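Visitor: One structure, as structure tokens, below. Some questions next.
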Amino acid sequence: MLMKSILIAVTVLIQSTLASYFVSDDVLNLPRYKVSLLTTEKIPQSQLHDATFNDQTMLMRDSYGQPFLCNIPQVDRDEAEHQEQMEAETKDTHEDEQKLIERGLELLQPLENSCLQFYTHQYWAYEYCHKQYVRQFHVESVYDGRVERKKETASHYLGKYPGVTIDQNPIIENALLPTIRRDKTAKRPVTTLKQVGNQRYLLQQWGDGSTCDFTKKPRTVEVQYQCEYQGHDRISYMEEISTCHYLIVISTPRLCEEMKLSRIPKPRIHTISCTPIVSDKLIEAEREQEEQKQEQQPLIEEQKEEEKPMNDETKERVISKDPILKLLNDLNEQIDLLKSQVNGYSSSDDDINIMFIDEDGNYISSNSELKKLLKLEKTFKKKEEKEQKEQPRLKLIDVFQQQ
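Structure, rendered in structure tokens:
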């Protein structure tokens, strides 16, 4: 939004460098200037008192009222004149232009017997049929009780290719089916080669359209063919440029096969630098904030270093230097060892082994003693389970005996 408002503000500068009307020749498509917002830099309001405003320095505002000081580059007139002179020297002769026109019409030949349609959000839709006609029509959705379908309710021819006659057949199933007739002796329309900005295009004038309700004359249309590298054959633009006189633009990659009909290299774009103007208090507050940030930076770096996890080697080195830390570390290791023994396993192969001796002090194998203890524990456990199972039955016997 900010960039858009600044662009609109400098439109008057851009328009002075653009050529006459062309559908693609607008300030956003073919800019001679671009706006660069220097958000990292700011100008205090106190400096405006000494500022000099001229054709190269202008004060502009965005849609929110934020002021900007914009510097407009001074284009070297000698360079521009030299470029115009070079273009004039390399300009095609009339014979070269005619050859280029014939080449372009040859590239458009595959479009014959094909039609392109262009739907808009307005009342009219448009149709272009190559070497036949251009028309506008209106489509409505109708429902016959079973299915919904489209129906044409109005149609006007905006122009016809020279020598083409259209006979309108009777309405068949609510669809208008025209019959196209061609007069082979008719002359083809005059095709001219135009250039606006960095775009060349072919232009034809078609007439003999439907009678205009206002002028009472046949409608006419300008058919413009231009190169478009991406996409497919399509109607890229449609406009009524005057009462019952229309412009239709056919964009097609076919013309791009001829280098001289493709886009000419774009001219150099000049940068308009705009710097925001803010209060002196804001500048001072940002400066203090930056200084505070620089002062705190060493502390932040030190804190980050302290928060980094230590590896085993570093940890041992730190513990060895502090007796209290060493004592706490030894206690933690002993606690971990006791926990592992209580849980019935050793945490490492270096743990203390448990040995068994008899009443006479003789060593008893730990494996055999453990087996005895486990067997004894198992016997007690079975006895306990048996007693728990017998207990309800004994209670039941006591009840019967009491009765």
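Using UniProt numbering, read the sequence shown as starting at 1 and increasing by one per residue.
The beta-carbon is built from N, C-alpha and C at its ideal position, and this holds for glycine as well.
Quick caveat: nothing in here was measured; it's all calculated off a predicted structure.
Confirm, please, whether the CB-CB distance from Pro67 to Ile269 is below 8 Å.
Guide: Translated into positions along the sequence shown, residue 269 becomes position 269. Translated into positions along the sequence shown, residue 67 becomes position 67. In this structure, Pro67 does not lie closer than 8 Å to Ile269 by Cβ.
Visitor: Anyone know if the C-beta pair for Tyr161 and Ile248 falls short of 8 Å?
Guide: In the sequence shown, counting from the first residue as 1, residue 161 sits at position 161. In the sequence shown, counting from the first residue as 1, residue 248 sits at position 248. Cβ atoms of Tyr161 and Ile248: not closer than 8 Å.
Visitor: Could you spell out where the alpha helix (DSSP H) holding Lys99 opens and where it closes?
Guide: Stepping through the sequence shown from its first residue, residue 99 is reached at position 99. Unbroken alpha helix (DSSP H) run through Lys99: His94 to Leu107.
Visitor: What residues in its chain sit with their C-beta under 7 Å from that of Ala186, if we drop five residues either side in the sequence?
Guide: Indexing the sequence shown from 1 puts residue 186 at position 186. Cβ neighbours of Ala186 within its own chain (closer than 7 Å, five residues either side excluded): Pro162 and Gly163.
Visitor: Alpha carbon to alpha carbon, how far is Lys260 from Arg135? Give it in angstroms, no decimals.
Guide: As a first step, residue 135 is located in the sequence shown; it is residue number 135 there, counting from the start. As a first step, residue 260 is located in the sequence shown; it is residue number 260 there, counting from the start. The straight-line gap from Cα to Cα measures roughly 30 Å.
Visitor: I'd like the list of long-range same chain contacts for Lys34, defined as Cβ closer than 6 Å, with 5 residues on each side in sequence excluded.
Guide: Within the sequence shown, residue 34 is the residue found at index 34, counting from 1. For Lys34, where only same-chain residues beyond five positions count, the Cβ hits under 6 Å are Ile269 and Thr271.
Visitor: Out of curiosity, what's the CA-to-CA distance linking Val221 and Lys150?
Guide: The sequence position of residue 221 within the sequence shown is 221, counting from 1. The sequence position of residue 150 within the sequence shown is 150, counting from 1. Rounded to whole angstroms, the separation of the alpha carbons of Lys150 and Val221 is 27 Å.
Visitor: Can you say whether Gln224 is buried or exposed, counting buried as having 16 or more other CB atoms within 10 angstroms of its CB?
Guide: On the sequence shown, position 224 is the one that residue 224 refers to. So Gln224 counts as buried.
Visitor: Where do the ends of the beta strand (DSSP E) carrying Ala154 lie?
Guide: The residue given as residue 154 occupies position 154 in the sequence shown. Element bounds for Ala154: Glu148 to Lys160.
Visitor: From this set, Gly209, His245 and Leu255, which residue's C-alpha is nearest Gln226's C-alpha?
Guide: Working through the sequence shown from its first residue, we reach residue 226 at position 226. The shortest C-alpha separation from Gln226 is found at Leu255.
Visitor: Put Arg61 into one of helix, strand or coil per three-state DSSP.
Guide: Within the sequence shown, the letter at position 61 stands for residue 61. Residue state, collapsed to three classes: strand.
Visitor: Where Gly197 and Arg188 are concerned, what is the direct C-alpha to C-alpha distance, given to the nearest angstrom?
Guide: The residue you call residue 197 lines up with position 197 of the sequence shown. The residue you call residue 188 lines up with position 188 of the sequence shown. Cα-Cα distance, rounded: 28 Å.
Visitor: Have a look at the DSSP bridge pairing and note the partners of Asn71.
Guide: Taking the sequence shown and counting its residues from 1, the one referred to as residue 71 is at position 71. DSSP, once it has assigned bridges, lists Thr57 and Ser273 as partnering Asn71.
Visitor: Using the Cα positions of Arg182 and Glu148, report the straight-line distance between them to the nearest angstrom.
Guide: As a working note, residue 182 is residue 182 in the sequence shown. As a working note, residue 148 is residue 148 in the sequence shown. Their Cα atoms are separated by approximately 36 Å.
Visitor: Below 8 Å on the Cβ atoms is my contact criterion, and I expect Tyr128 with Gly209 to pass it. Report the Cβ-Cβ distance as a whole number of Å.
Guide: Reading the sequence shown from its first residue, position 128 is the one you call residue 128. Reading the sequence shown from its first residue, position 209 is the one you call residue 209. About 13 Å separates the two Cβ atoms, so there is no contact after all.
Visitor: Cα separation between Glu385 and Thr379?
Guide: Looking up residue 385 in the sequence shown gives position 385. Looking up residue 379 in the sequence shown gives position 379. Distance between the alpha carbons of Glu385 and Thr379 is about 10 Å.
Visitor: Determine, using beta carbons only, whether Leu38 and Ser273 come nearer to each other than 8 Å.
Guide: The count along the sequence shown starts at 1 and reaches residue 38 at position 38. The count along the sequence shown starts at 1 and reaches residue 273 at position 273. In this structure, Ser273 lies closer than 8 Å to Leu38 by Cβ.
Visitor: Am I right that Tyr133 and Gly159 are in contact with their C-beta atoms under 8 Å? What's the rounded C-beta distance?
Guide: Sequence index remark: in the sequence shown, residue 133 carries index 133 (1-based). Sequence index remark: in the sequence shown, residue 159 carries index 159 (1-based). Right, the Cβ-Cβ distance comes to about 7 Å (below 8 Å), so this counts as a contact.
Visitor: Could you name the residues of the same chain whose beta carbon sits closer than 7 Å to that of Leu107, not counting the 5 residues immediately before and after it, in chain order?
Guide: Along the sequence shown, read from residue 1 onward, the residue named residue 107 stands at position 107. Annotation for Leu107: Arg254, Leu255, Glu257 and Glu258 place their beta carbon closer than 7 Å to its own, counting only its chain and skipping 5 residues before and after.
Visitor: Return the chain-ordered list of same chain residues with a C-beta closer than 8 Å to the C-beta of Gln45, the five sequence neighbours on each side being excluded.
Guide: Here residue 45 is taken as the residue at index 45 of the sequence shown, counted from 1. Within the same chain, and ignoring the five residues on either side of Gln45 in sequence, the residues whose Cβ sits closer than 8 Å to its Cβ are Ile277, Val278, Ser279 and Asp280.
Visitor: Which residues does DSSP pair with Asp167 in a beta bridge?
Guide: Position 167 of the sequence shown, counted from the first residue, corresponds to residue 167. In DSSP, Asp167 forms a bridge with Thr179.
Visitor: What residues are listed by DSSP as bridge partners for Cys125?
Guide: In the sequence shown, the residue the question calls residue 125 occupies position 125. The sequence given here has Ala at residue 125, not Cys. Ala125 is bridged to Phe137.
Visitor: Using only the alpha-carbon positions, how far apart do Glu301 and Gln230 sit?
Guide: Position 301 of the sequence shown holds residue 301. Position 230 of the sequence shown holds residue 230. Going from the Cα of Glu301 to the Cα of Gln230 covers about 52 Å.
Visitor: What's the C-alpha gap between Leu327 and Gln296?
Guide: By 1-based counting over the sequence shown, the position of residue 327 is 327. By 1-based counting over the sequence shown, the position of residue 296 is 296. Approximately 36 Å, taken between the alpha carbons.
Visitor: Identify whether Phe118 lies in helix, strand or coil by the three-state DSSP scheme.
Guide: The residue you call residue 118 lines up with position 118 of the sequence shown. Strand at Phe118.
Visitor: Note down, in chain order, each residue of its chain lying with its Cβ closer than 6 Å to the Cβ of Gln117, except the 5 sequence neighbours on either side.
Guide: Your numbering for residue 117 matches position 117 in the sequence shown. Only Glu127 meet the Cβ criterion.
Visitor: Name the DSSP bridge partner or partners of Gly207?
Guide: Reading the sequence shown from its first residue, position 207 is the one you call residue 207. For Gly207, the pairing in a beta bridge is given by DSSP as Lys160.
Visitor: Leaving out five residues on either side along the sequence, give the residues of the same chain with a beta carbon under 6 Å from the beta carbon of Arg219.
Guide: Position 219 of the sequence shown, counting from 1, holds the residue named residue 219. Only Leu158, Gly209, Ser210, Cys212 and Cys244 meet the Cβ criterion.
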